[in-house]
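Undergrad:
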Amino acid sequence: MEKKLEVKNLVISFRTSNGKVQAVRNISFDVAKGETLAIVGESGSGKSVTSKAVLGILAGNSIIEGGEIIYDGRDLLKISEEEFHKIRGDKIAMIFQDPMSSLNPIVKIGRQLTEAMILKNKARRRECRDNFNSYLKMLEQNMTEAVAKGDSAKAAELAKKCRDFDKFEYKHIELEAAYNDARESAVEAVSELENLVFELDKKVDKDVKRRVAEVSGMAKKSCHTYLVNAKQAQLVKLADELPNIAAQEKEGKDYAKTIAAMNEMLPILKDALALDAPNFFALGYYETFANAAVPEKTIPELNVFMRRYLDDNFMLSFIRDAKEALIYSAEKSYKQKEEAIAFFQEKRSVFTREQLDKKECMEVYKACEKKVQETIDRMEIHKDGLLYTFSTGLKGEIEKYFDGIKKNEREKARYTKQKAKYDALAAKGKEPEWKVVPASYTDLELVKHNICGQIDALTAHYKELLDQRGQRDFDAETVAVIDYLKESASGVVEKVTKRIAKEKAIKLMEEVGIPEPRTRYNQYPFEFSGGMRQRIVIAIALAANPDILICDEPTTALDVTIQAQILELINRLKRERNISVIFITHDLGVVANMADRVAVMYAGKIVEYGTAQDIFYEAAHPYTWALLSSMPDLDTTEKLDAIPGTPPNMIYPPVGDAFAARNKYALKIDFEQEPPMFGISDTHYAATWLLHPDAPKVEPPKIVTSRIERMKNRREAGDGEE
Amino acid sequence: MEKNNEEVLLKIDHLCQYFKMGKSELKAVDDVSFDIKKGEVFGLVGESGCGKTTTGRSIIKLYNVTSGNIYFKGVRIGAGIRSYKNAIEKARAEYNEKKTAGLSAEEDARLKKELDAFVGEQKAAIKAAKYDQKNCDKEYAQQRVAQVKEKYEPLLAKAAPAEKEKLAKEYKNELRKAKNTKLVTQIQMIFQDPIASLDPRLTVREIIAEGLIIQGERDKEVIDRKVYEMLEMVGLVREHASRYPHEFSGGQRQRIGVARSIIMNPDMIIADEPVSALDVSVQAQVINLLNELREKFGLTILFVAHDLSVVKYFSDRIGVMYFGKLVEMAPSDELFKNPLHPYTKSLLSAIPLPDPIYEKQRVRIVYNPLAEHDYTVDKPSLREIKPGHFIQCNEAEYKKYMEELK
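As they're listed, the protein sequences go chains A and B.
Per our numbering, the very first residue in the first sequence carries number 2; after that it's consecutive.
Per our numbering, the very first residue in the second sequence carries number 12; after that it's consecutive.
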């Protein structure tokens, strides 16, 4: 599984007037593509803080003390605010807990929905154009070097090929966009027609005239050469007449004629939708370069014809050249990598000396950075995360050490001064009121170990890459390159104007289940109920089509039916768009529905981590038991097992297991020493001493075991029926 | 004033609560009737915007009822006049229709007389409703004053001169309190949002004691004693009294809300989603607390919530509301065992359970009133299908549901 987001050893604390609150204490997790990770815990356990760190919107008094958040080959904790702007809301979107405060009360809903769309679209188009142009340029350059090898005629030919590709690619996108618009209108028209027929049949006539007019508009929009071809004239005629027919009929009476007309339109549209889509990529090439009209054929025949035309005239040779270019570039970078391995082995000794010299270290760091940059194969689509994050990590280690020395010297001076006073007092036989704590020295050995560890990891990574060089599938990679170019080009053509944004917003509002989106579009947030507002927030988050969606208790303020709808909505969108979801909640019932994997957090730490089934059927940590037993379900009759007390004060985190004080299964060691993560299975980990081989055997509370038993019985009974 | 069955503490009779929205009207609560017996927990569930909170608020007279009656302890505490007005209009229209159709002078006079009599009746009812709506507290206070007078006047007459002064002072105090009592304060409300429902500028002591002070309690010692008592009862400590709400966690704040409502020694509590805004672990604490208090004081609770698992756990009877109407009402076990109304079914199918394998298979039933019901000819009403099990249906559906039950 491709890992979308990785959080490693994250430590976050907050400066407050009372002291430093340690909100997140060394947590690590990852999210794969298309997966839902649920983070469960009480309020104050640090789950929201973690998610906010991922989005880079921590409060001003927060200190990120360590760790990494790796997304798309970059460490989000180290990139600049400018770069973060491009990711935030666009690639990583968030649904906030409180729908009241996450909408602007004085701006209309429509504006709030479309604002980001228009802005992001502008930025995205610029970015896509840059990406497309720079990549094509790079491809051209590599092609020239790999294939032409100084032959200028050949080079000119290659350059022309790239320009041609550029040209027809845009044509393709335009054609496809037009087709998609028409198709979407057709789909909408069909569903709206079916609704209207159904409702008129049931004698509900609300806004019939407006809706009929809309339907007729949609039907007309769905006329397209490859969609409603032969019956286009008939459809247009019907669509034109429909509003008139509806207008003539008396309101409140049956709409027999209107229904008849609509029933006539339905099969035309449905037939059109059953057709295959033409291959627009090939068609784009044909229309641009063939200088001939598109032949009259059925769509499958046309597709075969176009494909062959494209392959014969352009694509096969282009792919061949592109593959050459890729191999060339890869070979070049392999050579660089071999050099880099030697370079690092030579320079490693700088960091293993008795004393480190700052100037020398920084010089070596700069040289390393340059070397690493050279080894990156820019033609590769999938970015190698380690190569991009290496130099910042190295720099951080070096700077941390040298900054630490300065601080330590100050501390040392203070220490000697105070120590003298302390000793003087003690010598007089008095009891000094204060204690002197010696300054901690920065551990040189550890620093050296860290730095060398990083360099060794990189060298090992290079060696691994070099070992795998024979296994690379350049054919597949070439196809990926072409797809990447296609995608970038489509990003440039996708222009979002105010009107389009409005249509999109209305469609989104419909998608998230808001009735009468057209009237709702022009309303203010206060005119919406809580559930509706949350839907708007989800619509805003989805407007940018994000990679990762962070849901911070999205349904806590909503009721059961709306909650179920919103969860289904998030699940559906996750499936359709293959996005990764981080789902933060305290409600385990919701988690069972949503999560593939679950992380239970308490006092800034992950105490249990596993798949949903691990957590619900084989929970191992007492805190998870407590969470499970404090929620009633439909069969619960006994007194609920509330967790006594409150979470600990994180200014002074407790020694040992943070949950020990509220835990009735606490052992003596829980108060003295922090439990490590015990692995229960490959996917399931829990941090509790109860899993230690020497620990006494403890059964989970009865309310939990009996529920698991009940669930098992019900499932078996259900299976028996099927 | 009417008297009712002793056992029923609160009786809602055809309650309607409409809000003006420009030209149109929003029917937040539309013809809802139920009653709550003493010591019972009645759960009211439904999606947001279905009028369950409005029902609760109408009961404690935060709104002026549009139509219908609310009886508390047999006393009418809220009454609307819309139904009477409509009846008058309808009668007049009927009369006019007949008149235009042509009537003999004799018959016309007879009908006119009938109409006038009817209108007179309705107008009297309107007057009575308006009076009750406005003055139910006043009358209750008068009763209390009479009681106090009855108790103290003979004592005062008999008392020795030395004690007389003290007694007179006490009498005066009691009299003032009696004058300020309100019947409606015996119904108290716990609000949904523990953060927004507490005044951030008052200390916890002031928040909890506010009701007492309004009722005329001036003795600081008594107030303090009661406040501490309440704090300890809800699981907080005395030291908390001098703190401000923002210093507490969500669960503790909700406890303060509970303390504020029970210090008035109410007979009934309207709990408006008291646990929806809380963490699961804290939810359990608050539910356990409410359960304890209920056993201790024999409280009657109207529990408004949308979390069906909690409602099932907590309530004796449950009413399901949909768009201002009560669609089904039954004892909680019965409702979960035999849900009949399609909306109830859809609601039950939406409950998430802590069981991933089951959850993956769970299919939510979608409720579409247009597809489910055909009310074009036969209008629905609330019918009793089984003892204690009511359902909103028309004749055809009634038969269908009866079949289902068998």
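The C-beta atom is built at its ideal place from N, Cα and C for all residues, glycine as well.
#1: For A:Glu569, go through chain B and note every residue whose CB falls closer than 9 Å to its CB, in chain order.
#2: Between B:Glu117 and B:Ile99, what straight-line distance do the alpha-carbon atoms span, to the nearest angstrom?
#3: Does the stretch 532–547 of chain A come close enough to the stretch 506–522 of chain A to have 3 or more Cβ pairs within less than 8 Å?
#4: Quick check on A:Phe617 - is its C-beta less than 7 Å from some C-beta in chain B?
#5: Would you tell me roughly how many angstroms separate the C-alpha atoms of A:Val198 and A:Asp167, rounded to the nearest one?
#6: So what does B:Met332 bridge to, in DSSP terms?
#7: Indicate the three-state DSSP secondary structure (helix, strand or coil) for B:Ser272 in the structure shown.
#8: In the DSSP assignment, what residue or residues form a beta bridge with B:His400?
#9: Taking the C-alpha atoms as reference points, what is the distance between A:Tyr72 and A:Tyr310?
#10: How do the stretch 183–197 of chain A and the stretch 296–310 of chain A stand: do at least 3 beta-carbon pairs fall below 8 Å, yes or no?
#11: Is A:Lys4 helix, strand or coil by DSSP?
#12: So, helix, strand or coil for A:Arg379, using DSSP?
#13: Under 8 Å: do the stretch 183–201 of chain B and the stretch 220–236 of chain B share three or more Cβ pairs, one atom per stretch?
#14: When you compare only the Cα positions, how much space is there between B:Val43 and B:Phe347?
#15: Can you have a look at A:Phe660 and say buried or exposed, based on whether 16 or more other CB atoms are within 10 angstroms of its CB?
#16: Kindly say whether A:Pro244, judged by its beta-carbon, lies nearer than 7 Å to any beta-carbon of chain B.
#17: Closest to B:Gly246 by CA distance: which of B:Glu232, B:Ile92, B:Ile267 is it?
#18: Using the C-alpha atoms, what's the distance from A:Ala262 back to A:Gln235?
#19: Here's the rule I'm using: 16 or more other beta-carbon atoms within 10 Å means buried, otherwise exposed. How should B:Gln265 be labelled?
#20: Consider the Cβ of B:His317: report whether some Cβ of chain A lies at a distance smaller than 7 Å.
#21: Please report how far the alpha carbon of A:Leu570 lies from the alpha carbon of A:Lys222, in whole angstroms.
#22: Using a cut-off of 7 Å between C-beta atoms, extract the partners of B:Glu9 located in chain A.
#23: Whole angstroms is fine: what's the gap from A:Thr638's alpha carbon to A:Val448's?
#24: If we count the other Cβ atoms within 10 Å of its Cβ and call it buried at 16 or more, is A:Lys703 buried or exposed?
#25: I want to verify the contact list: residues of chain A whose CB lies under 7 Å from the CB of B:Lys323, in sequence order.
#26: Does the CB of A:Glu722 have a neighbour CB from chain B at under 7 Å?
#27: I'd like the span of the alpha helix (DSSP H) that includes A:Met144, first residue to last.
#28: For chain B, is any of its Cβ atoms less than 7 Å away from the one on A:Ile537?
#29: With distances taken Cα to Cα, identify the nearest neighbour of A:Arg470 among A:Lys338, A:Asn19, A:Cys163, A:Gln524.
#30: Measuring only the C-alpha atoms, how far is B:Leu126 from B:Ala139?
#31: What separation, rounded to the nearest whole angstrom, lies between the Cα atoms of A:Glu723 and A:Leu78?
#32: With a CB to CB cut of under 7 Å and the five nearest residues on each side skipped, what residues in its chain are close to B:Asn16?
#33: State the Cα-Cα distance for the pair A:Gly611 and A:Asn523, rounded to the nearest angstrom.
#34: So, is the C-beta of B:Asp290 closer than 7 Å to a C-beta in chain A?
#35: Is the stretch 404–411 of chain A close to the stretch 452–465 of chain A, with three or more CB pairs under 8 Å?
#36: Between which residues of its own chain and B:Glu504 is the CB-CB distance below 6 Å, once the five residues before and five after are set aside?
TA: Reading from the atomic positions:
#1: Here the question's residue 569 of chain A lines up with position 568 in the first sequence. The answer, in chain order, is Arg375.
#2: By one-based count along the second sequence, residue 117 of chain B stands at place 106. By one-based count along the second sequence, residue 99 of chain B stands at place 88. Answer to the nearest angstrom: the Cα atoms are 22 Å apart.
#3: Enough Cβ pairs lie closer than 8 Å, so yes.
#4: Along the first sequence, read from residue 1 onward, the residue named residue 617 of chain A stands at position 616. For A:Phe617, at least one C-beta of chain B is nearer than 7 Å to its own C-beta.
#5: Within the first sequence, the letter at position 197 stands for residue 198 of chain A. Within the first sequence, the letter at position 166 stands for residue 167 of chain A. When the Cα atoms are used, A:Val198 and A:Asp167 turn out to be separated by approximately 47 Å.
#6: Residue mapping note: residue 332 of chain B aligns to position 321 of the second sequence, counting from 1. According to DSSP, B:Met332 bridges with B:Leu337.
#7: Translated into positions along the second sequence, residue 272 of chain B becomes position 261. DSSP places B:Ser272 in helix when its eight states are reduced to three.
#8: By 1-based counting over the second sequence, the position of residue 400 of chain B is 389. Per DSSP, B:Lys397.
#9: Locating residue 72 of chain A in the first sequence gives position 71, where the first residue counts as 1. Locating residue 310 of chain A in the first sequence gives position 309, where the first residue counts as 1. Across the structure, A:Tyr72 and A:Tyr310 are spaced so that their CA atoms are roughly 41 Å apart.
#10: By the Cβ rule, the stretch 183–197 of chain A does not count as touching the stretch 296–310 of chain A, because fewer than three pairs are nearer than 8 Å.
#11: Indexing the first sequence from 1 puts residue 4 of chain A at position 3. In the three-state DSSP reduction, A:Lys4 falls in the strand class (E or B).
#12: Position 378 of the first sequence, counted from the start, is the residue given in the question as residue 379 of chain A. Judged by DSSP in its simplified three-state form, A:Arg379 adopts coil rather than helix or strand.
#13: Using a Cβ-Cβ distance cut-off of 8 Å, the stretch 183–201 of chain B and the stretch 220–236 of chain B are in contact, since at least three pairs of beta carbons, one from each stretch, lie closer than that value.
#14: Mapped onto the second sequence, residue 43 of chain B falls at position 32. Mapped onto the second sequence, residue 347 of chain B falls at position 336. Taking the straight line from one Cα to the other gives about 21 Å.
#15: On the first sequence, position 659 is the one that residue 660 of chain A refers to. By the neighbour-count definition (other C-beta atoms within 10 Å, threshold 16), A:Phe660 is a buried residue.
#16: The residue given as residue 244 of chain A occupies position 243 in the first sequence. Chain B contact via Cβ: absent.
#17: Taking the second sequence and counting its residues from 1, the one referred to as residue 246 of chain B is at position 235. Nearest option by C-alpha distance: B:Ile267.
#18: Along the first sequence, one-based indexing puts residue 235 of chain A at 234. Along the first sequence, one-based indexing puts residue 262 of chain A at 261. Rounded to whole angstroms, A:Gln235 and A:Ala262 show a C-alpha spacing of 12 Å.
#19: Within the second sequence, numbered from 1, the residue matching residue 265 of chain B stands at position 254. Flag for B:Gln265 reads buried.
#20: Stepping through the second sequence from its first residue, residue 317 of chain B is reached at position 306. Taking Cβ atoms only, chain A reaches closer than 7 Å to B:His317, which makes this a yes.
#21: For the purposes of this step, residue 570 of chain A is taken as residue 569 along the first sequence, with counting starting at 1. For the purposes of this step, residue 222 of chain A is taken as residue 221 along the first sequence, with counting starting at 1. If I take the Cα positions, the gap works out to 28 Å.
#22: Residue 9 of chain B lies beyond the range of chain B shown here (12 to 417); nothing can be said about it.
#23: The residue labelled residue 638 of chain A in the question sits at position 637 within the first sequence. The residue labelled residue 448 of chain A in the question sits at position 447 within the first sequence. Inter-residue distance for A:Thr638 and A:Val448 is about 58 Å (C-alpha atoms, whole angstroms).
#24: If you number the first sequence from 1, residue 703 of chain A lands on position 702. With fewer than 16 other Cβ atoms within 10 Å, it is exposed.
#25: The count along the second sequence starts at 1 and reaches residue 323 of chain B at position 312. Residues of chain A passing the Cβ test: Leu635.
#26: Taking the first sequence and counting its residues from 1, one reaches residue 722 of chain A at position 721. With a pLDDT of 46 at A:Glu722, under the threshold of 50, the modelled position of this residue cannot be trusted; read the value that follows with caution. Under the Cβ distance rule, A:Glu722 does not count among the residues neighbouring chain B, no pair being separated by less than 7 Å.
#27: Translated into positions along the first sequence, residue 144 of chain A becomes position 143. 110–144 is the extent of the alpha helix (DSSP H) around A:Met144.
#28: By one-based count along the first sequence, residue 537 of chain A stands at place 536. Answer no: the Cβ-Cβ gap between A:Ile537 and chain B never drops below 7 Å.
#29: As a first step, residue 470 of chain A must be located in the first sequence, where it is residue number 469. Measuring from the Cα of A:Arg470, the nearest candidate turns out to be A:Lys338.
#30: In the second sequence, residue 126 of chain B corresponds to position 115, counting from 1. In the second sequence, residue 139 of chain B corresponds to position 128, counting from 1. One C-alpha to the other measures close to 20 Å.
#31: In the first sequence, residue 723 of chain A corresponds to position 722, counting from 1. In the first sequence, residue 78 of chain A corresponds to position 77, counting from 1. Confidence in A:Glu723 is poor, its pLDDT being 40 and thus under 50, which makes the residue's placement unreliable; the coordinate value appears in the next sentence. Those two C-alpha atoms are separated by around 51 Å.
#32: Taking the second sequence and counting its residues from 1, the one referred to as residue 16 of chain B is at position 5. The pLDDT assigned to B:Asn16 is 41, lower than 50, so where the model puts this residue is not dependable; a value taken from the coordinates is nonetheless given after this. Within the same chain, no residue comes within 7 Å of B:Asn16 by CB-CB distance, once the 5 residues on both sides are set aside.
#33: By one-based count along the first sequence, residue 611 of chain A stands at place 610. By one-based count along the first sequence, residue 523 of chain A stands at place 522. Rounded to whole angstroms, A:Gly611 and A:Asn523 show a C-alpha spacing of 45 Å.
#34: If you number the second sequence from 1, residue 290 of chain B lands on position 279. For B:Asp290, the answer is yes, since a Cβ of chain A falls inside 7 Å of its Cβ.
#35: Remark: fewer than three beta-carbon pairs, one from each stretch, lie closer than 8 Å, so the stretch 404–411 of chain A and the stretch 452–465 of chain A are not flagged as touching.
#36: For residue 504 of chain B there is no data in the structure shown, the boundaries of chain B being 12 and 417.
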